[in-house]
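The block underneath contains the structure these notes are about, expressed in C-alpha cells.
Below you can see the structure in the form of C-alpha cells.
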C-alpha cells in the first residue's frame, strides 16, 4: 500500500481509525500521476518584474513632463514574438524568438496583497503558502526532491545556483529558509552553487588534502567505527550515518563535477552566447552586477539536466532596491535588466530544445509579483501601500526618474513555462489595458499554477507529508487544481 | 482495503450494543471526582466533535455542566444529578438507548463509565468557577471582568491589572498565589513499589512497567505451574532479567551529562578528574557541579528557546516576534522559575523581574512582541505558538476549521482561547468565510475557582490561567520536554501534540513529575536534577532495547530500558569539535552567539531564520551534511587549526590524549593499534594528527549522545 495518501484518502483513513485517528507512515512513495516531465529548471527572478515592460506588453506611452500615472501604460516599444498574438516589450529580442517553445501565463494572481514586503511574496511564490504558515514550509525544489528523489544515483536532486551561502544579513537568512527544505529536513536541502565558476565546493577535497589522503582518512574513519563500541556497531542509526558518509564520498565522483567544468568543455562561442549584453559600466547601479554569473548559471543548469539533475533553480540574486526591485528610474533600469537576462534565457531555451531536453524538462520563469504605477516615486510609507488598485489619476510623473512601474502589484503577474508537457506557442489569460491592469480573462491562482507544474512532474496536488501529527500538502491544503489548458 | 473497512463498519453499526460493565459506587470516592479535572476532559475527548457548542447534535452539548443539565432534545437533559443510571448520557453510553454513544466509535471503557457515573451520583457538581456555561457558548449577555467574578482578595489582586501593578512585591505575590493554587491540586500519584534497584522515585515508575511487562510475558509459563522462586540475582542481573540495560560506564556518563547540562563535551582534564574521583556519589557531585555552571547551563538552553519562541530579527518589512536571546540567556542563568518566565513572555506587564532588568540593557532583557494581535491572522499565530510550546497542544488546524484529526479541538474552542489573547472576542471565520458570529473568550481548561472568561484584562487572565498549577497541560508539557531532552523520546509523543486519545507511556509518572515540578516552584533545575540522578537516565545505550516512536503506531509501549541515540545539535557539535581540538572554548565563541548562518550550520540543522517556531531539531543524516564534514572549508579549518595538534604530534602518550579529548575515554588496544599504524605510516605531523581527530569527530560515537 502506498505510504502517502492524498487528502481524501487521509481523512477517510483517519475517520475509519476513529477517535484514535492514527496517521499513515511517513515514508515517501512514488506519486501516481503519469508525468510528462522528469526534471525541472526554475529560473527565479525575484525583485518583482514589471510584467507590462516584459511579457504582457501594454501600449507604449513615452515620457512627457507631468503626465498622469493613468497615462503611463508601457515604457518601451512593442516587440513581436514568433507567436501570433503574443507581444513582448522591446529588449527581449532573444526570448521573443523562443516563445514558440512555451506557454505564457498572463493572469497569475496572489491570494493576498503583499504591500511593501518582498520577502513575504517570495516565500509565497517559492512555497505556495502565505507566511507565516505555522510550519516551516518546504520550497518547490524540496517538494520535487522529496516526492521524486534523485534521477541519477550520484546527482543531487535539488541544486541551487546563484545565491551567496554564508551570511549574517537578516534578509538573506530569511531567504535561506524559504528556499530550503522546511520541515522536510536536510535530506531535501538544496546543494548550493553560489557561483557556477566555483562549482559545488564540497565535491572537492579541502585544500591540501587531496584525493588519496581523503580516502585514507575515510578508511581510518571506517576502522575506528568498527573497532569502537559494540552498541554503536549494532545501531541502525549509527549504521545509517556511516552509509550516508559513504554516499557522500560516492557523490564526490558525481558526474556533476564534469558538468561544472563547463569552462573547459564548452566552446568559447557557446559560453559567450549565454552571456548578458551589458557591462558593469553601463549600469545605473554598478554595485549590483554579477558579471557572467547568471548566464553561466543557465549554461550549468543545462549541463546538470543532461547529467541527470532532477531540479535546478537558477536565481538572479535578489537585493532590496537592486536589480528588478526598482523604485526609481524604472524605464532605464528595466532596459538594463532585460539586457542582463534576455540573451542568457533565450540561448538556454534554444539550446535545451535543440538538444531535445525540453521534451522531458519543465522550464519555468517566475518572479514574486508584478508592478504597477506607484503613488510615490520611491517606496511608499503607507502600510498596505503601493497603490495596488489605483488608476493613476492622482499621480503626476514630474520627472523622468519617476517614469517607470515602481509600485508593487500583487494583483497580477506573469509566469512562463517551456517544455515538459506544456503547450508550445500559447498564451493564457488577459489583463486590462489600463490601470489597474488586473486579470480580465481566465485569472489563475498561484496554487493552481503550482499544481500544474506538479502535475507535469507527476506529483498530485494533494500529495502530503506528515509533520506535527498532521498532513502538510504540496499545494496549500491540497486544494491546487492543475490548469489543463496550459498542458499539451 | 480502506473501502472494505468502511463497508464492514457500516454493515454492523446497527447491531446490538456493546456491553460496558457498571460497578457499585462508593460515595466517598465519588465525592472526589472533579468536573474540571476528570470529567470535562473525558467528555471533551469523546463527545465534543458532535456535541460541543460548535455542533450540538440533538441540541445536546457537553461544554459545561450547565448545558449538560439543561440542554437536549430527544432524550431531554443528559445529566440528572444524583441519578446516574437514569441520566440520558449514561443510557446512551451503555447502549440502553440506541444508537450507542460515541456513535461509530469505540465504546467507553469500564473505568471511564464508572468515573462519569460517580460524578453524577455525587451531584454533578461544577467546580469550574461557575462561568463556564456562559463562556463557552456564543456571546449573548455581557461578561464582567474576571476580577469582579472572584471574591478571594488574593485572586482579585492577581487578576486585576491595576491592583497587580500597584503591588510592591510582585514576586512575593506571585509565589503566594502559586502556593495557594498548589493547594487545589489532587494528591500526587503514589509511587509504585518495585523490586529492582532504584535511585529515586522516577525509577520506581519506570521499573514498575518493566515488572508488569515481565509478568505479562511470563504468563504463558506461569499458567503451567507454580511461579519459580526469585533467584538471588545481583541488582544488575535483576535489571537484565527485566530486560533493561545496565548502568553506563563513567566515561559515557561524563560525556552524556556534560552535553546534556551545558552542551559541551568535557576536556581531557575534566574527564580525568571525574574518572579518577573515587567517591561513591561522584555522579551526583558532577550533576550538581554542572547545574551550578549557570552561564554554560544557560548557553545550552538558549538556542532551544530561540527556536521555540521564534526569536530573531527579520527585516524586509516582516514583523518579528522579537529577539529574545539575551532575555532567555539571563532567565536561565538565574534559573528563573519556569511559570514566571512564561508569565513574563505572555504578559510582560506581569513581570516580577522588571526591576532587575532596568538599566541600559533593559531593552534586550525585557520580552515583548511575543503575543502579536494586530489582526485576526496574527492573533491566531500567537495562539497556535503559545499553545504548542506551553500546552503541548497543536491547534494550528483548528484555526480555520474543526481539527480533522483531534476532536478535542473544534474551531470554537480554539477561537474562544484566541479571544483571551486579543482585546475582543474573535469572529468565527471558517475556511476564510466570515460568519458575523463572535465566540465568547474562554480558557479551554476550566480551572477550579478561576473564571474562564473576562470582558477586560484578558491577557492577565490568560497568563494566570496558562501557568496555573492546576492547568493540566502546563506542567506536563514542560516536564515531558525535559524527559525528551534527556532520554530522546517523550513520555507523550509527539511532544507538541498531546491528545487525550493517545495516553502517555507512563501516565502516572507524567502526572507525578508535573506535580512535583509545580510543587517545587516550577524550578527547572530541580526536575532536571531528578531526571539526571535517576538510574533510568544513567542506563547504557543498547540498540536492541531502544524505544522508538512511530506516528502510525502511537499506542506502541515505551519502556526506557535504554536511552535513545540522540544526534548532537549543531551547537553541541560545533562547540564540541572546538573543545576536542583546542581544549578550551571562550563563552563568546559558542555557536549560539553567532548571527552568521553558514552552509555547515544549516546542514547541521541550525535554522537560518526563525520565522516559524520549532521545538526540536531534526536528527536527519544527509549527503549535503556529510559532504560538509568531508570537504567543507569551515570544519576543515577548525579541526586542522586545532591548538593542540602540534604538541600532540610530538607526544608519545598522544593516543590516550586524543581519545580522551575527542571521545572522553581511553582507546582499546585494537583502537590504539589502528591509529598508531595510521600515524606511523603517514608520519606524526600536525596534519596526520588532524586526520585522526577528523576520523573520531566524524564517527558516530562523537556525532551522537549514547
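Residue numbers (my numbering), protein chains in the order written: chain A, 21 to 508; chain B, 26 to 731. Quick reminder that beta carbons are idealized off the backbone N, C-alpha and C, glycines included.
Buried versus exposed call for residue 104 of chain A [16 or more other C-beta atoms within 10 Å across all chains shown]
exposed
Can you check which of these residues, A:158, A:344, A:93, is closest to residue 411 of chain A by C-alpha distance?
A:93
Can you find a CB in chain A that lies within less than 9 Å of the CB of residue 729 of chain B?
yes
Note the first and the last residue of the continuous alpha helix (DSSP H) segment covering residue 356 of chain A.
350 to 374
Can you list, in chain order, the residues of its chain whose CB lies under 6 Å from that of residue 493 of chain A, leaving out five sequence neighbours each side?
482, 484
Kindly list the residues whose CB is nearer than 6 Å to the CB of residue 531 of chain B, restricted to its own chain and excluding five residues on each side of it in sequence; keep chain order.
230, 516
Beta strand (DSSP E) segment containing residue 461 of chain A, residue limits:
459 to 461
Beta carbon of residue 65 of chain A nearer than 9 Å to that of residue 332 of chain A
no
Label residue 354 of chain A either buried or exposed according to how many other C-beta atoms from any shown protein chain fall within 10 Å of its C-beta, with 16 as the threshold for buried.
buried
According to the Cβ coordinates, are residue 134 of chain A and residue 428 of chain A closer than 9 Å?
yes
Neighbour list for residue 656 of chain B in chain A, Cβ cutoff strictly below 9 Å
221, 222, 223, 224, 225, 226, 229, 234, 268, 272
Using C-beta distances below 6 Å, list every residue in its chain close to residue 445 of chain A, excluding the 5 sequence neighbours before and after it, in chain order.
103, 120
I want to see whether chain A comes within less than 9 Å of residue 562 of chain B, judged by CB atoms only; does it?
no
Could you pull out every residue in the same chain whose Cβ sits closer than 8 Å to the Cβ of residue 404 of chain A, ignoring the five residues on either side in sequence?
Because the pLDDT of residue 404 of chain A is 41, which lies under 50, any placement of that residue in the model is unreliable, and the question is left without a value.
Throw me the rounded Cβ distance for the residue 144 of chain A and residue 130 of chain A pair, which I believe falls under 8 Å.
7 Å
How would you label residue 303 of chain B, buried or exposed, when you count the other beta carbons within 10 angstroms and need 16 or more for buried?
exposed
Roughly how many whole angstroms lie between the Cα atoms of residue 84 of chain B and residue 77 of chain B?
9 Å
DSSP has residue 465 of chain A in a bridge; who is on the other side?
A:129
Nearest candidate by alpha-carbon position, reference residue 298 of chain B, set B:567, B:280, B:365, B:588
B:280
Residue 96 of chain B to residue 138 of chain B span [Cα, whole Å]
21 Å
Where are the alpha helix (DSSP H) runs, 4 residues long or more, that stay fully inside the stretch 133 to 174 of chain A, in chain order?
138 to 147, 160 to 168
Enclosing beta strand (DSSP E) for residue 231 of chain A [first to last residue]
Segment 230 to 247 is the alpha helix (DSSP H) holding residue 231 of chain A; no beta strand (DSSP E) there.
Distance between residue 362 of chain B and residue 500 of chain A (C-alpha atoms, nearest Å)
47 Å
If you run the structure through DSSP and keep just helix, strand and coil, what is residue 306 of chain B?
coil
Between the C-alpha atoms of residue 386 of chain A and residue 435 of chain A, what's the straight-line distance to the nearest angstrom?
5 Å
Can the beta-carbon of residue 220 of chain A be found less than 9 Å from the beta-carbon of residue 276 of chain A?
yes
How would you write the range of the alpha helix (DSSP H) that residue 490 of chain A sits in, first residue to last?
Note, residue 490 of chain A: premise wrong, no alpha helix (DSSP H); beta strand (DSSP E) at 490 to 493.
Name the residue from B:597, B:100, B:451 whose alpha carbon lies nearest to the alpha carbon of residue 328 of chain B.
B:597
Output yes or no for whether 9 Å exceeds the beta carbon distance between residue 473 of chain B and residue 181 of chain B.
no
Which residues, in chain order, does the stretch 688 to 704 of chain B contribute to contact with chain A at a C-beta distance below 8 Å?
693, 695, 696, 699, 700, 703
Using the beta-carbon count (16 or more within 10 Å), is residue 89 of chain B buried or exposed?
buried
Contact check, residue 435 of chain B vs residue 73 of chain B under 8 Å by CB: the rounded distance?
6 Å
Chain-ordered chain B contacts of residue 375 of chain A [CB-CB under 7 Å]
Those within 7 Å of residue 375 of chain A in chain B number zero; the least Cβ separation is about 28 Å.
Measure the CB-CB distance between residue 695 of chain B and residue 247 of chain A and report whether it falls below 9 Å.
yes
Spell out the partners DSSP gives residue 88 of chain A in its beta bridges.
A:416
Going straight from the alpha carbon of residue 437 of chain A to that of residue 324 of chain B, what length do you get?
49 Å
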